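1423 is the number of the first residue of the sequence shown in my numbering; add one for each residue after it.
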Amino acid sequence: MLKLGIIGTNWITEQFIEAVFQTKKWQLTSVYSRTLNKAETFARKFTDNAECYTELDRFFKDGNFDVVYIASPNSLHFEQARAAILAGKHVIVEKPACSNPKEMRQIIRLLRQNRGVYYFEAARHFHERNFKMLKQRIKEMDVIQGANLTYMKYSSRYDSFLAGNEPNIFSLRFSGGALQDLGVYLIYNAVSWFGVPNDVIYYPTKLHNGIDGKGTAILKYSNYQVNLNFGKTVNSYLTSEVYGMKETIVMDNAAELKKVTLLDGQGSKRDLTQEVDKNPMLSEVQDFTNVLNDPTSLDSKQQMDDWLAVAVQVNRVMYDLRSSAHLYFDADSKQLS
């Protein structure tokens, strides 16, 4: 059994734990939160035996776990993942794994120095059947003429922001914003399906504190461009499309990927949808579980390296997009030890 420690006691952590329990190959053993009551209340939802910590150093030093799942505010991901690697713990960190390429380079350096440690960015849709199917379908296209991908979802925290508060997800200090939270899904799509773009530009709609509430990104390739629309201050019901010559692939949602249709240009439609898991985090958990249950094999190490290479590319594209819009986080000016 893989022993799991968690940082972050919110709904996404609950969904992740439910997914790991579904595999029957994990047990929850350690919980970190800033307050003991919150840690204990969360742990009791899943087990009566978890250790609870309010000091991060003790969590990593004394915690009885093999793998840590990090779902804290974005700006904390790097330092917490760094501490985990140095403690010899495998890391699953929610997207975005790092705020910028500087942090990502430091993580890569640490992994090279600690060869037995595994590190995964939890971009859940990257591991789903429909994502992989789409990657293969697009690869088989004779001609690609571009794509329009959309993911806009009104944030449950936006009302609080409008009321004068500054939730983490709408904060430059915590590396928040639409690009980091929702745009990352679409950038994973673009980088995985079309490759790294030649040039990028971002047109954000900035809120009063400078964070991006929504925006449009243009990724330029040699013979076409990919347009990304994402946001946390509105809801969009537009489909997303990838254009071949006469055929078009249509997705009901470019991040959730629950329905995929091929239109052939002659009026015919073909349903390409693969089986969709009830828990959207199950596919990534199964992939991580397979690797972590065979940690000494060359195949496992190569698989992590392949996933990590994509995460590095996504991180760079996101930073270049932010730079084009003069959108900077506190983490960008921070000196790393």
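Each residue gets a CB set at the ideal place from its N, CA and C atoms; glycine is no exception.
All figures in this text were calculated on a predicted structure; none of them were measured in a lab.
Near Leu1704, which residues of its chain fall below 7 Å by C-beta distance, leaving aside the five closest residues on each side in sequence?
-> Excluding sequence neighbours, Leu1704 sits near Ala1441 and Gln1444.
In three-state DSSP terms, what is Gln1602?
-> Three-state result, Gln1602: helix.
Beta-carbon proximity list for Asp1693, same chain, < 7 Å, skipping 5 on both sides | Here Asp1693 has Thr1683 as same chain residues with Cβ atoms under 7 Å from its own Cβ, once five neighbours each way along the sequence are excluded.
CB contact flag (Ile1633, Leu1594, <7 Å) | Taking C-beta atoms as the reference points, Ile1633 and Leu1594 count as a pair closer than 7 Å.
Excluding the 5 residues preceding and the 5 following Val1606 in the sequence, name in chain order all residues of the same chain whose CB lies nearer than 6 Å to its CB.
-> Counting only Cβ-Cβ distances below 6 Å, and skipping sequence neighbours, we find Lys1517 and Pro1518.
Where Asn1649 and Ser1521 are concerned, what is the direct C-alpha to C-alpha distance, given to the nearest angstrom?
-> Distance between the alpha carbons of Asn1649 and Ser1521: 22 Å.
Shortest alpha-carbon distance to Leu1420 belongs to which of Gly1538, Asn1651 and Gln1449?
-> Since the displayed the chain opens at 1423 and closes at 1759, residue 1420 lies outside it and no answer follows.
DSSP-derived helix/strand/coil call for Gln1708 = In the three-state DSSP reduction, Gln1708 falls in the helix class (H, G or I).
Sorted by chain position, which residues of the same chain lie with C-beta nearer than 8 Å to Leu1458's C-beta, five sequence neighbours on each side aside?
-> Once the five neighbours on either side are set aside, the close Cβ partners of Leu1458 are Cys1474 and Thr1476.
In this structure, does DSSP put His1748 in helix, strand or coil?
-> The answer is coil: DSSP assigns His1748 none of H, G, I, E or B.
Own chain partners of His1549 with C-beta closer than 7 Å, once the 5 adjacent residues on each side are dropped = The residues are Ser1705, Glu1706 and Asp1709.
Of the choices Thr1670, Asn1701 and Arg1466, whose alpha-carbon is the least far from that of Gln1688?
-> Measuring from the Cα of Gln1688, the nearest candidate turns out to be Thr1670.
Tyr1625 - DSSP class collapsed to helix/strand/coil | Strand.
Among Asn1712, Asn1657 and Val1736, which has the Cα closest to the Cα of Asn1675?
-> Measuring from the Cα of Asn1675, the nearest candidate turns out to be Asn1657.
Quick one: residues in its chain with C-beta nearer than 7 Å to the C-beta of Asn1590, no 5 flanking neighbours on either side, listed in chain order?
-> Here the set comprises Pro1495, Phe1596 and Gly1598.
DSSP state of Lys1636, grouped into three classes?
-> In the structure shown, Lys1636 sits in a strand (DSSP, three-state: E or B).
For Leu1426 versus Val1489, is the C-beta distance shorter than 7 Å?
-> Yes. Within cutoff.
Just checking my contact of Ala1545 with Tyr1610 at CB under 8 Å: how many whole Å lie between their CB atoms?
-> The pair is a contact, with the Cβ atoms about 5 Å apart (cut-off 8 Å).
Unbroken stretches of the alpha helix (DSSP H), 4 residues or longer, contained in the stretch 1541-1626 = Qualifying alpha helix (DSSP H) stretches, in chain order: 1551-1561, 1580-1584 and 1606-1616.
Roughly how many angstroms separate the alpha carbons of Pro1523 and Val1734, rounded to a whole number?
-> If I take the Cα positions, the gap works out to 8 Å.
Inspect the beta-carbon positions of Leu1758 and Gln1502 and report whether they are closer than 7 Å.
-> No.
Would you check if the distance between the CB atom of Ala1493 and the CB atom of Thr1435 is smaller than 7 Å?
-> Between Ala1493 and Thr1435, the C-beta gap is smaller than 7 Å, which places the two residues in contact.
Tell me the DSSP bridge mates of Trp1448?
-> Leu1424.
Count the other C-beta atoms from every protein chain shown that fall within 10 angstroms of the C-beta of Val1736, then say buried if there are 16 or more, exposed otherwise.
-> Buried: at least 16 other Cβ atoms inside 10 Å.
Counting along the chain, where does the alpha helix (DSSP H) carrying Asp1479 start and finish?
-> Taken as a continuous stretch (DSSP letters only), the alpha helix (DSSP H) holding Asp1479 covers Leu1478 to Asp1484.
Mind checking who Tyr1491 pairs with in its DSSP beta bridge?
-> Answer is Ile1428 and Ile1514, bridged to Tyr1491.
Indicate whether Lys1680 and Val1698 have their beta-carbon atoms separated by less than 7 Å.
-> For Lys1680 and Val1698, yes; Cβs fall inside 7 Å.
Neighbourhood of Gly1586 by C-beta distance below 7 Å, restricted to the same chain and skipping five residues each side = For Gly1586, where only same-chain residues beyond five positions count, there are no Cβ hits under 7 Å.
Range covered by the alpha helix (DSSP H) that runs through Gln1779 | With the chain running from 1423 to 1759 in the structure shown, residue 1779 is simply not present.
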